[in-house]
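Numbering that gives the first Met the number 0 applies: residue 0 is where the sequence shown begins, and numbers increase by one.
All C-beta atoms, glycine included, are put in the ideal place defined by N, C-alpha and C.
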Amino acid sequence: MGSFINTAFVWVVLFVLYVLPTMHILFSRRSNGGATLGWVLVNLVMPILGWGIFLIATQPEKNRINKARYLGQIRARNLPLSVKARSPRQHAEEIAQEISANS
0 MGSFINTAFV WVVLFVLYVL PTMHILFSRR SNGGATLGWV LVNLVMPILG WGIFLIATQP
60 EKNRINKARY LGQIRARNLP LSVKARSPRQ HAEEIAQEIS ANS
C-alpha cells in the first residue's frame, strides 16, 4: 500500500511541475507560433523557473491595451468642440444627411 501512495505522489508532483505549466503556456494568448514552442522547451528544462519567466516576460500585453486606450482618450480630447458636443447618434445622422444630399 505504501508503494502505491509513493508512486501516486510522484505522479502528482510531475503533473503539477510539468504538465500544468506546459498546458498553460500552450493555451495562453500571451505568445504565438515559434515563441510558444520556445517557452514550452524552456519550461520542460526548468519547470517552475521557466514558467515564472514566461509569466513575467509576456506581461506587457496588458500595457499595450492600456496604451491604446490612452491614445484613444488623447485623440478624443483633441477633437473640435463641435464634434464633442454632439452625441454619436447626432453625428451619424448628420453624416447620413450629407451623404444623401451629395447623392
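Whose CA, out of Asn42, Gln58, Val18 and Phe14, lies closest to the CA of Arg28? If we check each option's Cα against that of Arg28, Gln58 comes out closest.
Could you pull the start and end residues of the alpha helix (DSSP H) that Phe53 belongs to? That run of the alpha helix (DSSP H) goes Pro46 to Ala56.
Among Trp50, Ala100 and Phe8, the one whose alpha carbon lies nearest that of Leu25: When Trp50, Ala100 and Phe8 are compared, the shortest CA-CA separation from Leu25 is found for Trp50.
Using the three-state DSSP reduction, which class does Asn31 fall into: helix, strand or coil? Looking at Asn31 - three-state DSSP - the assignment turns out to be coil, as it is neither helix nor strand.
Quick one: Cα of Ile4 to Cα of Gly33, how far? In this model, Ile4 and Gly33 are separated by some 39 Å (Cα to Cα).
Proximity below 9 Å, CB of Val41 to CB of Ile55: The Cβ atoms of Val41 and Ile55 do not sit closer than 9 Å to each other.
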